[in-house]
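Residue numbering for the sequence shown follows numbering that gives the first Met the number 0, starting at 0 and increasing by one per position.
Everything below concerns the one structure shown next.
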Amino acid sequence: MDDGPEGLPCVLSEDVTAFMTDPTLPIWAMGPIVAAMVEIGETRGLVAASTAAEDWPECRLLPLGEDGALGIIEYVIAKDAVPPQVIVTRILLY
Numbered sequence: 000m001d002d003g004p005e006g007l008p009c010v011l012s013e014d015v016t017a018f019m020t021d022p023t024l025p026i027w028a029m030g031p032i033v034a035a036m037v038e039i040g041e042t043r044g045l046v047a048a049s050t051a052a053e054d055w056p057e058c059r060l061l062p063l064g065e066d067g068a069l070g071i072i073e074y075v076i077a078k079d080a081v082p083p084q085v086i087v088t089r090i091l092l093y
């Protein structure tokens with residue numbers, strides 16, 4: 000990953016796309032999820048509040064909402080993909 004100032008595209012896995020388009024998704028969750036995805040993309044996946052998996056540092060978890068009260072977002076930084084991108088792989092709401 001280069002040190003350029005530009006963010007990375009934040010793309011959704013098929014499961015997350017289905018989750019986000021599900022009409023039963025609580026309306027209160029949409030804003031925090033989209034805001035988190037924007038921050039993930041703008042920071043190239045290196046959001047300050049995120050934690051990396053010990054054996055797979057490209058896989059990260061981001062608490063959703065204050066202190067993670069709303070859930071978590073799991074994503075993978077695919078820096079070697081063409082083009083480089085961040086893939087949101089799972090969203091878990093509490």
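We treat Cβ as the ideally placed atom computed from N, Cα and C, and that holds for glycine.
- For R59, the beta-bridge partners assigned by DSSP are A51, Y74.
- Shown here for L69: same chain residues with a beta carbon closer than 6 Å to its own, the five before and five after excluded, namely P31, L63 in chain order.
- By the beta-carbon neighbour count (other beta carbons within 10 angstroms, threshold 16), V87 is buried.
- Residues T50, I71, E73 of the same chain have their beta carbon placed closer than 6 Å to that of L60, with the five preceding and five following residues left out of the count.
- Across the set V15, V37, F18, the C-alpha of V37 shows the shortest separation from the C-alpha of C9.
- Counting the other CB atoms within 10 Å of its CB gives V85 a total of 16 or more, which places it among the buried residues.
- Assigned with DSSP and collapsed to three states, T16 falls in helix.
- Leaving aside the five residues that flank L92 on each side, the residues in its chain whose CB is nearer than 8 Å to its CB run, in chain order, P25, A28, L63, L69, G70.
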